Amino acid sequence: MSFGTREISAWRTPEIAGLNIAYVPENMGIFSDLSVKENMLLAARQAKRASQMDEARLQWIFSLFPAVEKFWNHPAGKLSGGQKQMLAVARAIVEPRELLIVDEPSKGLAPAIINNMIDAFAQLKATGTTILLVEQNINFAKRLGDHVAVMDNGRVVHAGTMKALAEDDALQQSLLGLAL
Amino acid sequence: MKNTDFDWKPLALVPLLALLVLPLIGSASTWLTLTVAGLAMGMIVFIIASGLTLVFGLMDVLNFGHGVFIALGAFVATTVFGLMGDWTGSQEIWRNLVAVFPAMLVAMAVSGALGLAFERFIVRPVYGQHLKQILITMGGMIIGEELIKVIWGPAQMALPLPEGLRGSLLVGDAAIEKYRLLAVVVGLLVFALLAWTLSRTKIGLLIRAGVQDREMVESLGYRIKRLFIGVFVVGSALAGLGGVMWGLYQQNVTPQMGAQVNVLIFIVIIIGGLGSTGGALIGALLVGLMANYTGFLLPKVALFSNIALMVAILLWRPQGVYPVANR
Numbered sequence: 277m278s279f280g281t282r283e284i285s286a287w288r289t290p291e292i293a294g295l296n297i298a299y300v301p302e303n304m305g306i307f308s309d310l311s312v313k314e315n316m317l318l319a320a321r322q323a324k325r326a327s328q329m330d331e332a333r334l335q336w337i338f339s340l341f342p343a344v345e346k347f348w349n350h351p352a353g354k355l356s357g358g359q360k361q362m363l364a365v366a367r368a369i370v371e372p373r374e375l376l377i378v379d380e381p382s383k384g385l386a387p388a389i390i391n392n393m394i395d396a397f398a399q400l401k402a403t404g405t406t407i408l409l410v411e412q413n414i415n416f417a418k419r420l421g422d423h424v425a426v427m428d429n430g431r432v433v434h435a436g437t438m439k440a441l442a443e444d445d446a447l448q449q450s451l452l453g454l455a456l
Numbered sequence: 040m041k042n043t044d045f046d047w048k049p050l051a052l053v054p055l056l057a058l059l060v061l062p063l064i065g066s067a068s069t070w071l072t073l074t075v076a077g078l079a080m081g082m083i084v085f086i087i088a089s090g091l092t093l094v095f096g097l098m099d100v101l102n103f104g105h106g107v108f109i110a111l112g113a114f115v116a117t118t119v120f121g122l123m124g125d126w127t128g129s130q131e132i133w134r135n136l137v138a139v140f141p142a143m144l145v146a147m148a149v150s151g152a153l154g155l156a157f158e159r160f161i162v163r164p165v166y167g168q169h170l171k172q173i174l175i176t177m178g179g180m181i182i183g184e185e186l187i188k189v190i191w192g193p194a195q196m197a198l199p200l201p202e203g204l205r206g207s208l209l210v211g212d213a214a215i216e217k218y219r220l221l222a223v224v225v226g227l228l229v230f231a232l233l234a235w236t237l238s239r240t241k242i243g244l245l246i247r248a249g250v251q252d253r254e255m256v257e258s259l260g261y262r263i264k265r266l267f268i269g270v271f272v273v274g275s276a277l278a279g280l281g282g283v284m285w286g287l288y289q290q291n292v293t294p295q296m297g298a299q300v301n302v303l304i305f306i307v308i309i310i311g312g313l314g315s316t317g318g319a320l321i322g323a324l325l326v327g328l329m330a331n332y333t334g335f336l337l338p339k340v341a342l343f344s345n346i347a348l349m350v351a352i353l354l355w356r357p358q359g360v361y362p363v364a365n366r
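Right, here's the structure in full:
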């Protein structure tokens with residue numbers, strides 16, 4: 277496995293994260309006993325205190341995910357599932373990252389929240405961040421992806437451009453029927 | 040949703056226990072003496088247990104050898120006191136304190152250094168294997184005890200209080216030993232410093248987060264093992280400090296004292312909720328009070344009383360008074 281020009285198969289997790297890669301796990305990995313602010317501060321590796329976080333970037337994140345600002349000083353464990361998901365993504369992008377790995381962000385979320393999330397990812401993508409998205413909701417993935425790989429039982433059964441997949445209904449039917 | 044919804048019930052247990060036994064003891068002055076003694080003992084036990092609970096919380100390491108740092112700290116203090124006889128023997132309390140503080144600092148440094156070696160050679164090879172951790176850390180403690188015997192001899196040694204710290208203050212009819220007040224003050228200082236570090240600094244934030252979910256802390260780019268080594272060393276140094284205070288509380292030290300205190304500190308961290316420093320403080324105060332009250336009321340059940348206390352609390356909150364989330 278390599279990232280850029282580096283071979284990273286044997287690297288440890290913190291070293292890989294240190295390459296400017298952020299990860300949003302499927303279980304969101306929120307620290308429930310910590311406040312929303314503390315969750316964000318943890319991910320901001322350059323900042324020792326909340327006041328040292330990049331204010332402009334925070335404002336941008338707040339505009340994408342207003343719940344993060346609203347519940348800034350609240351324990352993260354008290355947030356709803358959707359709010360936690362927003363916090364998990366907000367935390368991953370608190371500092372600019374080259375690659376954002378996101379595991380099933382739409383799972384269990386209301387459609388309105390999914391739209392917010394898609395907007396946020398689209399803005400991030402526009403800033404040059406690469407996003408590796410694992411997603412079961414094809415309609416979500418379609419609106420963001422350039423490339424797509426469809427997996428079934430741990431194997432890639434199709435790889436190509438998202439545009440080609442999105443335009444080919446028959447292919448979609450046959451591929452997405454696989455795992456169902 | 041409230042901003043801060045502090046769970047005050049466990050905290051209320053401490054005054055509740057104290058008030059419940061008041062009618063049983065009868066005399067208010069005896070009750071006050073016992074309560075201060077219990078709080079002093081509780082604060083010392085807390086100092087010892089605080090490191091252990093974080094070590095478990097962060098890396099799931101069961102360190103049954105924590106007691107060796109207690110004994111080492113206490114024996115180092117006997118040596119430092121021996122070198123500073125003029126100061127400990129003085130009637131002036133400031134000179135006594137000048138002797139006590141270097142003893143504490145040297146004890147902490149030596150215990151911390153041993154902690155570093157203990158983590159490297161004994162704990163690190165058995166990460167993630169609880170049974171082996173129990174066996175090898177207990178083995179480490181036995182070796183530590185034997186090394187103490189090699190250096191200081193196998194016999195009990197006196198660790199007399201410096202002159203100015205002996206004796207009692209009279210509050211009404213109640214006699215309150217001066218040293219116990221000092222122990223409460225030092226305990227509160229350590230707690231305040233610990234609480235400040237954990238709640239106000241980035242390192243503290245990392246420790247609290249690591250206790251909840253260490254894998255996520257790693258995927259945010261932090262090396263949790265380095266953090267763990269730091270916590271282990273500080274925890275060992277605090278156990279050394281607790282050992283000095285415990286030795287002065289008992290006014291003697293034995294190579295086996297660590298093993299004796301070990302039982303108490305495990306009760307404390309289980310009552311508190313593994314990984315919770317706030318819980319460890321509550322647990323330590325409850326254990327200290329309980330030991331002193333039952334020692335007076337029913338000496339025969341004194342040892343059993345703390346086990347009973349732990350069972351009662353676990354029936355109420357099976358994960359301890361302040362369970363750590365995500366564990």
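Heads up: the protein sequence lines correspond to chains B and D, in order.
Counting from 1, position 18 in the first sequence corresponds to residue 294 in the working numbering; the numbering is continuous, with no gaps.
Counting from 1, position 224 in the second sequence corresponds to residue 263 in the working numbering; the numbering is continuous, with no gaps.
Positions of the beta carbon are idealized from the N, C-alpha and C atoms, including for glycine.
Predicted, not measured: the structure shown is a model, and the values here were computed from it.
Delimiting residues of the alpha helix (DSSP H) encompassing residue i
| i | result |
| --- | --- |
| valine 250(D) | 241–251 |
| isoleucine 309(D) | 296–311 |
| histidine 169(D) | 169–191 |
| threonine 333(D) | 316–336 |
| isoleucine 337(B) | 331–340 |
| aspartate 445(B) | 445–452 |
| proline 201(D) | Neither: proline 201(D) is in no alpha helix (DSSP H) and is coded neither H nor E. |
Chain-order list of residues whose beta-carbon lies under 8 angstroms from that of residue i (same chain, five-residue window excluded)
| i | result |
| --- | --- |
| alanine 368(B) | Ala298, Tyr299, Val300, Ala319, Leu376, Val378 |
| histidine 434(B) | Val424, Ala425, Val426, Leu441, Leu447, Leu451 |
| asparagine 42(D) | In this prediction, asparagine 42(D) has a pLDDT of 47, which is less than 50 and means its spatial position is unreliable; nothing more can be read from the coordinates. |
| methionine 304(B) | Lys360, Gln361, Leu363, Ala364 |
| valine 363(D) | Gly96, Val250, Gln251, Gly312, Leu313, Gly314, Ser315 |
| leucine 336(D) | Val60, Leu63, Ile64 |
Rounded C-alpha distance that separates residue i from residue j
| i | j | result |
| --- | --- | --- |
| isoleucine 64(D) | valine 256(D) | 50 angstroms |
| isoleucine 246(D) | tryptophan 336(B) | 29 angstroms |
| leucine 58(D) | serine 207(D) | 23 angstroms |
| leucine 61(D) | alanine 67(D) | 7 angstroms |
| methionine 40(D) | lysine 354(B) | Since pLDDT at methionine 40(D) reaches only 43, below the 50 mark, its modelled position is unreliable, and the value read off the structure follows with that caveat. In a straight line, the C-alpha of methionine 40(D) is about 7 angstroms away from that of lysine 354(B). |
| isoleucine 284(B) | proline 199(D) | 59 angstroms |
| methionine 393(B) | leucine 50(D) | 42 angstroms |
| tyrosine 361(D) | serine 315(D) | 6 angstroms |
| serine 278(B) | leucine 295(B) | 11 angstroms |
| arginine 163(D) | lysine 171(D) | 11 angstroms |
| glycine 359(D) | serine 344(D) | 17 angstroms |
| arginine 356(D) | leucine 303(D) | 19 angstroms |
| leucine 259(D) | leucine 122(D) | 49 angstroms |
| leucine 52(D) | valine 410(B) | 48 angstroms |
| leucine 369(D) | valine 137(D) | Nothing about residue 369(D) can be read from this structure; chain D reaches only from 40 to 366. |
| alanine 142(D) | lysine 217(D) | 18 angstroms |
| glutamate 291(B) | glutamine 289(D) | 49 angstroms |
| arginine 159(D) | histidine 105(D) | 14 angstroms |
| alanine 241(B) | arginine 288(B) | A question about residue 241(B) goes unanswered here, because the residues of chain B that appear run from 277 up to 456. |
| glycine 279(D) | glycine 404(B) | 53 angstroms |
| alanine 234(D) | glycine 167(D) | 28 angstroms |
Residue range of the unbroken beta strand (DSSP E) whose run includes residue i
| i | result |
| --- | --- |
| alanine 213(D) | 213–216 |
| serine 207(D) | 207–210 |
| arginine 431(B) | 431–437 |
| tyrosine 361(D) | Element bounds for tyrosine 361(D): n/a, residue is neither H nor E. |
| valine 410(B) | 406–410 |
| aspartate 379(B) | 375–379 |
| valine 370(B) | That residue, valine 370(B), is in no beta strand (DSSP E); it is neither H nor E in DSSP. |
| methionine 427(B) | 423–428 |
| valine 300(B) | 297–300 |
Other residues of its chain near residue i: CB distance less than 6 angstroms, five sequence neighbours each side excluded
| i | result |
| --- | --- |
| methionine 98(D) | Phe267 |
| serine 4(D) | Here chain D covers residues 40 to 366 and nothing more, so residue 4(D) does not appear. |
| phenylalanine 103(D) | Ile173, Thr176, Met177 |
| serine 382(B) | Ile390, Asn413, Phe416 |
| threonine 74(D) | Ala57 |
| alanine 293(B) | none |
| alanine 326(B) | Lys313, Leu317 |
| alanine 213(D) | Ser68, Leu71, Thr72 |
Own chain residues within Cβ distance below 7 angstroms of residue i, not counting five before or after
| i | result |
| --- | --- |
| alanine 398(B) | Leu420 |
| phenylalanine 114(D) | Ile187, Trp191, Val292 |
| glycine 311(D) | Thr92, Gly318, Ala319, Ile321, Gly322, Gly359, Val360, Tyr361 |
(message) I'd like to know if the segment 80–87 of chain D and the segment 316–334 of chain D are in contact, where contact means that at least 3 CB-CB pairs between them fall below 8 angstroms.
(response) Touching, yes, given that three or more Cβ pairs across the two stretches are closer than 8 angstroms.
(request) Please confirm if the segment 230–242 of chain D is in contact with the segment 130–140 of chain D, defined as three or more CB-CB distances below 8 angstroms between the two stretches. (result) Taking one beta carbon from each stretch, the segment 230–242 of chain D and the segment 130–140 of chain D have fewer than 3 pairs nearer than 8 angstroms; the two do not touch.
(request) Could you list the residues in the segment 251–269 of chain D with a C-beta less than 8 angstroms from some C-beta on chain B, going in chain order? (result) For chain B, the residues of the segment 251–269 of chain D that bring a beta carbon within less than 8 angstroms of one of its beta carbons are Gln251, Asp252, Glu254, Met255, Val256, Glu257, Ser258, Leu259, Gly260, Tyr261, Arg262, Ile263, in chain order.
(request) Return the residues of the segment 378–412 of chain B that lie within a Cβ-Cβ distance of less than 9 angstroms from chain D, sorted by chain order. (result) The residues in question: there are none.
(message) For the structure I just gave you, are there three or more beta carbon pairs, one from the segment 187–195 of chain D and one from the segment 288–295 of chain D, closer than 8 angstroms?
(response) These segments touch.
(request) Please name the residues in the segment 224–243 of chain D whose beta-carbon is closer than 7 angstroms to at least one beta-carbon of chain B, in chain order. (result) Within the segment 224–243 of chain D, contact with chain B at the beta-carbon level (separation under 7 angstroms) is assigned to Lys241.
(request) Anything in the segment 311–342 of chain D with a Cβ closer than 9 angstroms to a Cβ of chain B? List those residues in chain order, please. (result) Answer in chain order: no residues at all.
(message) By the 7 angstroms beta-carbon criterion, what residues does the segment 306–317 of chain B contribute toward chain D?
(response) Under the 7 angstroms Cβ criterion, the segment 306–317 of chain B contributes Phe307, Ser308, Asp309, Leu310, Glu314, Leu317.
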